[in-house]
Amino acid sequence: MTTGARLAADIGGTFTDLALERADGQGGVERWTAKVLTTPAAPERGVLEGIRAVLAKAGLGPADVALFIHGTTLATNAVIERKGARTALLTTEGFRDVLALGNESRYDQYDLNITLPQPLVPRRWRLTVPERLDNTGRVLLPLDEAAVRAAVGRLRGEGVESLAIGFLHAFVNPVHERRAAEIVRGEWPGLPVSLSSEVSPEMREWERFSTTAANAYVQPLMATYLGRLRDGLAEAGFACPLFLMLSGGGLTTLETAARFPIRLVESGPAGGAIFSAHVARQKGWNRVLSFDMGGTTAKVCLIDDFAPQTARSFEVARIGRFKKGSGLPLRIPVIEMVEIGAGGGSIASVDALGRIQVGPESAGADPGPACYGRGGAKPAVTDANLLLGRYDPASFAGGSMALHPEASRGAMDASLGALGLPPEMAALGVVEVVDENMANAARVHAIESGKGYDGRAIIAFGGGGPVHGYRVAEKIGVNRMLVPSGAGVGSAIGFLRAPVGYEVVRSLYQRFRSFDAAAVNALLAEMSAEARGVVAQGSFGAPLVERRIAYMRYVGQGHEIAVELPVKTLAAADVEAVRAAYDVAYAGFYDRPVPGSDVEILSFAVTVATEVEAPPPVAEVSEAPAPAPVRHQAVRDTARGAVSDWPVYDREGFAPGAAVAGPCIVAEAETSTLVGPGWTCRMDGLGYLELTR
Numbered sequence: 001m002t003t004g005a006r007l008a009a010d011i012g013g014t015f016t017d018l019a020l021e022r023a024d025g026q027g028g029v030e031r032w033t034a035k036v037l038t039t040p041a042a043p044e045r046g047v048l049e050g051i052r053a054v055l056a057k058a059g060l061g062p063a064d065v066a067l068f069i070h071g072t073t074l075a076t077n078a079v080i081e082r083k084g085a086r087t088a089l090l091t092t093e094g095f096r097d098v099l100a101l102g103n104e105s106r107y108d109q110y111d112l113n114i115t116l117p118q119p120l121v122p123r124r125w126r127l128t129v130p131e132r133l134d135n136t137g138r139v140l141l142p143l144d145e146a147a148v149r150a151a152v153g154r155l156r157g158e159g160v161e162s163l164a165i166g167f168l169h170a171f172v173n174p175v176h177e178r179r180a181a182e183i184v185r186g187e188w189p190g191l192p193v194s195l196s197s198e199v200s201p202e203m204r205e206w207e208r209f210s211t212t213a214a215n216a217y218v219q220p221l222m223a224t225y226l227g228r229l230r231d232g233l234a235e236a237g238f239a240c241p242l243f244l245m246l247s248g249g250g251l252t253t254l255e256t257a258a259r260f261p262i263r264l265v266e267s268g269p270a271g272g273a274i275f276s277a278h279v280a281r282q283k284g285w286n287r288v289l290s291f292d293m294g295g296t297t298a299k300v301c302l303i304d305d306f307a308p309q310t311a312r313s314f315e316v317a318r319i320g321r322f323k324k325g326s327g328l329p330l331r332i333p334v335i336e337m338v339e340i341g342a343g344g345g346s347i348a349s350v351d352a353l354g355r356i357q358v359g360p361e362s363a364g365a366d367p368g369p370a371c372y373g374r375g376g377a378k379p380a381v382t383d384a385n386l387l388l389g390r391y392d393p394a395s396f397a398g399g400s401m402a403l404h405p406e407a408s409r410g411a412m413d414a415s416l417g418a419l420g421l422p423p424e425m426a427a428l429g430v431v432e433v434v435d436e437n438m439a440n441a442a443r444v445h446a447i448e449s450g451k452g453y454d455g456r457a458i459i460a461f462g463g464g465g466p467v468h469g470y471r472v473a474e475k476i477g478v479n480r481m482l483v484p485s486g487a488g489v490g491s492a493i494g495f496l497r498a499p500v501g502y503e504v505v506r507s508l509y510q511r512f513r514s515f516d517a518a519a520v521n522a523l524l525a526e527m528s529a530e531a532r533g534v535v536a537q538g539s540f541g542a543p544l545v546e547r548r549i550a551y552m553r554y555v556g557q558g559h560e561i562a563v564e565l566p567v568k569t570l571a572a573a574d575v576e577a578v579r580a581a582y583d584v585a586y587a588g589f590y591d592r593p594v595p596g597s598d599v600e601i602l603s604f605a606v607t608v609a610t611e612v613e614a615p616p617p618v619a620e621v622s623e624a625p626a627p628a629p630v631r632h633q634a635v636r637d638t639a640r641g642a643v644s645d646w647p648v649y650d651r652e653g654f655a656p657g658a659a660v661a662g663p664c665i666v667a668e669a670e671t672s673t674l675v676g677p678g679w680t681c682r683m684d685g686l687g688y689l690e691l692t693r
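In the UniProt record's numbering, the protein residues as written are 1 to 693.
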């Protein structure tokens, strides 16, 4: 995409990961990585600290960096922790309570005391104005501009910091929303305003209003943070473009990200999925499970045919674990995955029934697990791993951070001592529980996707993925696992593999029996131009690939199926082919089509992205001598509970083709790969560790 060094930074709940790459002049790439503690009070400080560290390793300066790519979970955390702006909603008269009513479904039909997610906008800040459009966008009642001005005055007196505007049927005709925004900006200059016709221009009021409210809720926070980061980079001497990772797997400009920050909610995990998809393509493995375990959360994502699953909707801040409908709906393009509170910083405790519980609360970076010696008093998964002998206290995080086993032992005894177990055995229970939680998340994800794990491999990365991967693999019945180079900062490396891309979604109701090809072609052309305009800001002249999707269903049904459209002006023959493709797709889900039923299209999506180059083929390597262990350490096996001496190997000491038998540990700067009993670890021609059972 560009020449020169390319830098990526991923802010996690505990660590901020950096990856720097530069062409080596021989067709390959040099890479340097760094991992520093996240600075929650001012996240840009951790990013700038990490940048200084990785540039020092490479012997490069800011002028050598041609592109900087960034991903963050700040938007997600703001919604989950309810630490966003004081947000108001201006909506159509009679629709004040859409955010609270939702679609009236219950995620647990038999829970009489069910707790539903609370809207981000309290009722007193949900104001209505007279206006009305019909479903075709025709004005039935003009916008009451005086009512808009009165609402602005009331909200200003309440100290509101951001405003969402969502009118009925604005996705068809945004005229009233745009005029209301003009009035608001004239009356209250500087107030951030989010329009549903721009943030989520699709039918279904609850999802559209919820997404717009969430965008407004995080916009002041994200715009301020991105501005501070931009200024900090400029002060440090960086003049390169800055791009943000989107939840859907593409990159976009800082300006677009600041305008639609809700599209960043899953930007860090999306980078991890892109990383896994790239590695799967390199290996020629078309069915894998991406397993990304960091300091705060674990993410699992199914990847088929070298592409992660995608979706048009996402739930954030779920009240019920694994329960669809228990969170706030966001209607945005997203890579589909399951994310749970299971990371190195996840806190262990004993619940009311005397059971070990791990997460979702995390010790984060400040104070962090007890073993960090930063004031943390509660035991975390990292403490448990340390007590089981899985980490060397002197070489954790490449030796940049010394761990304190006695602090872990004291915290474990204080929090889990009621179980009557010594700290080491309590630690075994903690690790087994967190491994089972992650394995269960993987099972649920596969079941909900209608897929299984036969013949799949796990690609494990993140600081904790290679540590826990082999045990999770055993639990879900997978016999092959891969730990790529740079696994400890996999999401940041994934940013460097992502295309510059953007997706535009619009609703236009159509039926095949009365299909208006002219209207559809005009809409698709408009959407394509919008997406290409955004991508052109950062494509650097690279070839572009366009993809068009229609979301359709049989008339009267409640759920749509995505069907790909040809990228051209649609003619009658194309419409017949698309209808046939829908019948095939429907049969894939429900066994057979419904003959004679008309099909309706609700929405269209157009994605434009820079072309992703296919990686070169990997050459087979012959067997090589196994390296000598650098030391041995006593490790308690979580499956059997027995303690034995495990050899520890330095990953840099492996030659391609070298293999070692488990149990053992392969250590590197940002993580360690545990090779369990019955497993073999071999380095392939790419320098990746391939584990087989």
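We treat Cβ as the ideally placed atom computed from N, Cα and C, and that holds for glycine.
Practice task
Give the range of the alpha helix (DSSP H) segment to which Arg331 is assigned.
Solution key: First-last for Arg331: undefined, no H or E at that position.
Handout entry: Glu93 to Val148 span [Cα, whole Å]
Key = When rounded, the distance between both Cα atoms is 11 Å.
Handout entry: For Val666 and Glu255, the rounded distance between their alpha carbons
Key = When rounded, the distance between both Cα atoms is 42 Å.
Exercise for the section: Give the DSSP-derived three-state secondary structure of Thr2 in the structure shown. Expected result: With a pLDDT of only 49 at Thr2, under the threshold of 50, the placement of this residue in the model should not be trusted; the figure read from the coordinates follows. Reduced to three states, the DSSP call for Thr2 is coil.
Exercise for the section: Could you tell me the boundaries of the beta strand (DSSP E) in which Glu235 lies? Expected result: Where Glu235 is concerned, there is no enclosing beta strand (DSSP E), although the alpha helix (DSSP H) it sits in stretches over Glu205 to Glu235.
Exercise for the section: Let me know the secondary structure DSSP gives Asp97 once reduced to three states. Expected result: Judged by DSSP in its simplified three-state form, Asp97 adopts coil rather than helix or strand.
Handout entry: Cα-Cα separation, Arg45 to Lys35
Key = Annotation: Arg45 to Lys35 spans about 13 Å, alpha carbon to alpha carbon.
Practice task
Just tell me which of Gly271, Asn385, Asp392 and Leu388 has its CA closest to the CA of Ala336.
Solution key: Sequence check: residue 336 is Glu here, not Ala. Residue Gly271 is the option with its Cα nearest to Glu336.
Handout entry: Chain-order list of residues whose beta-carbon lies under 7 Å from that of Thr2 (same chain, five-residue window excluded)
Key = Reliability of the predicted coordinates at Thr2 is poor, the pLDDT of 49 falling under 50, and no value is obtained from them.
Practice task
Inspect the beta-carbon positions of Trp188 and Ala457 and report whether they are closer than 8 Å.
Solution key: Against a cut-off of 8 Å, the Cβ pair of Ala457 and Trp188 comes out as no contact.
Handout entry: Cα-Cα separation, Leu565 to Gln537
Key = Rounded to whole angstroms, Leu565 to Gln537 spans 26 Å at the Cα level.
Exercise for the section: Report yes if the C-beta distance between Ala501 and Thr607 is below 8 Å; otherwise report no. Expected result: Residue identity check: residue 501 is Gly in the sequence provided, not Ala. Cβ atoms of Gly501 and Thr607: closer than 8 Å.
Exercise for the section: Would you kindly work out how many angstroms separate the C-alpha atoms of Val555 and Phe515, rounded to a whole number? Expected result: Taking the straight line joining both Cα atoms gives about 14 Å.
Problem - Of the residues Val47, Asp108, Pro122 and Tyr110, the one placed nearest Arg82, counting alpha carbons only - result: Checked all of Val47, Asp108, Pro122 and Tyr110; the closest Cα to Arg82 is Pro122.
Exercise for the section: Mind checking which residues open and close the alpha helix (DSSP H) that includes Ala56? Expected result: Run containing Ala56: Pro43 to Ala58, per the alpha helix (DSSP H) assignment.
Problem - Endpoints, alpha helix (DSSP H) assigned at Pro423 - result: Pro423 to Glu448 is the span of the alpha helix (DSSP H), which, as asked, contains Pro423.
Exercise for the section: Please name the residue or residues paired with Phe68 in a DSSP beta bridge. Expected result: Phe68 has Leu7 and Leu242 as its beta-bridge partners, per DSSP.
Handout entry: Cβ neighbours of Pro393 in the same chain (closer than 8 Å, five flanking residues each side left out)
Key = Closer than 8 Å at the Cβ level, and outside the excluded window around Pro393, lie Cys371, Leu386, Ala402, Leu403, His404 and Pro405.
Handout entry: According to DSSP, residues forming a beta bridge with Cys681
Key = Cys681 is bridged to Val660 and Leu691.
Exercise for the section: May I have a chain-ordered list of the beta strand (DSSP E) segments no shorter than 3 residues that lie completely inside the region 495-530? Expected result: For secondary structure counted as the beta strand (DSSP E) over 3 or more consecutive residues, the region 495-530 holds these complete runs in sequence order: 501-511.
Exercise for the section: Could you spell out where the beta strand (DSSP E) holding Gly359 opens and where it closes? Expected result: Looking at the DSSP string, the run of the beta strand (DSSP E) that includes Gly359 is Ile356 to Ser362.
Practice task
For His632, I'd like the list of residues in its chain whose CB is within less than 6 Å of its CB, leaving aside the five on either flank, ordered along the chain.
Solution key: These residues qualify, in order along the chain: Asp645 and Pro647.
Exercise for the section: Compute the Euclidean distance between the alpha carbons of Arg682 and Glu448, then round it to the nearest angstrom. Expected result: About 33 Å.
Problem - Cutoff 6 Å; reference Tyr551; Cβ partners in own chain excluding five residues on either side - result: Same-chain partners within the cutoff: Glu560, Ala562, Leu602 and Ser603.
Handout entry: Exposure label - Leu141; buried when at least 16 CB within 10 Å
Key = The C-beta of Leu141 has fewer than 16 other C-beta atoms within 10 Å across all chains shown, which makes the residue exposed.
Handout entry: Complete alpha helix (DSSP H) runs within the region 254-316 (minimum length 4 residues, chain order)
Key = List check, alpha helix (DSSP H) in window: 254-259 and 267-283.
Handout entry: Through-space distance from Trp206 to Val29, alpha-carbon basis
Key = Whole-angstrom Cα-Cα distance: 47 Å.
Exercise for the section: Please classify Asn103: is it buried, with 16 or more other beta-carbons within 10 angstroms of its beta-carbon, or exposed? Expected result: Exposed.
Problem - Secondary structure of Ala169, DSSP reduced to three states - result: The identity of residue 169 in the sequence shown is His, whereas the question assumes Ala. In the structure shown, His169 adopts coil according to DSSP, grouped into three states.
Handout entry: Residue(s) in a DSSP beta bridge with Lys324
Key = Partner(s): none; Lys324 has no beta bridge.
Practice task
Return yes when the Cβ of Ala380 is within less than 8 Å of the Cβ of Gly345, no when it is not.
Solution key: Contact annotation: Gly345 and Ala380 have beta-carbon atoms nearer than 8 Å.
Exercise for the section: Evaluate Ser415 with the Cβ neighbour count: other Cβ atoms within 10 Å of its Cβ, from every protein chain shown; 16 or more gives buried, anything less gives exposed. Expected result: It is buried - the Cβ of Ser415 has at least 16 other Cβ atoms within 10 Å.
Practice task
Specify, as a first and last residue, the run of the beta strand (DSSP E) that Pro466 falls within.
Solution key: Per DSSP, Pro466 lies in no beta strand (DSSP E); the unbroken alpha helix (DSSP H) holding it starts and ends at Gly465 to Ile476.
Practice task
Return the residue from the list Asp684, Leu221, Tyr586 and Pro615 that minimises the CA-CA distance to Gly27.
Solution key: Of the listed residues, the one whose Cα sits closest to Gly27 is Pro615.
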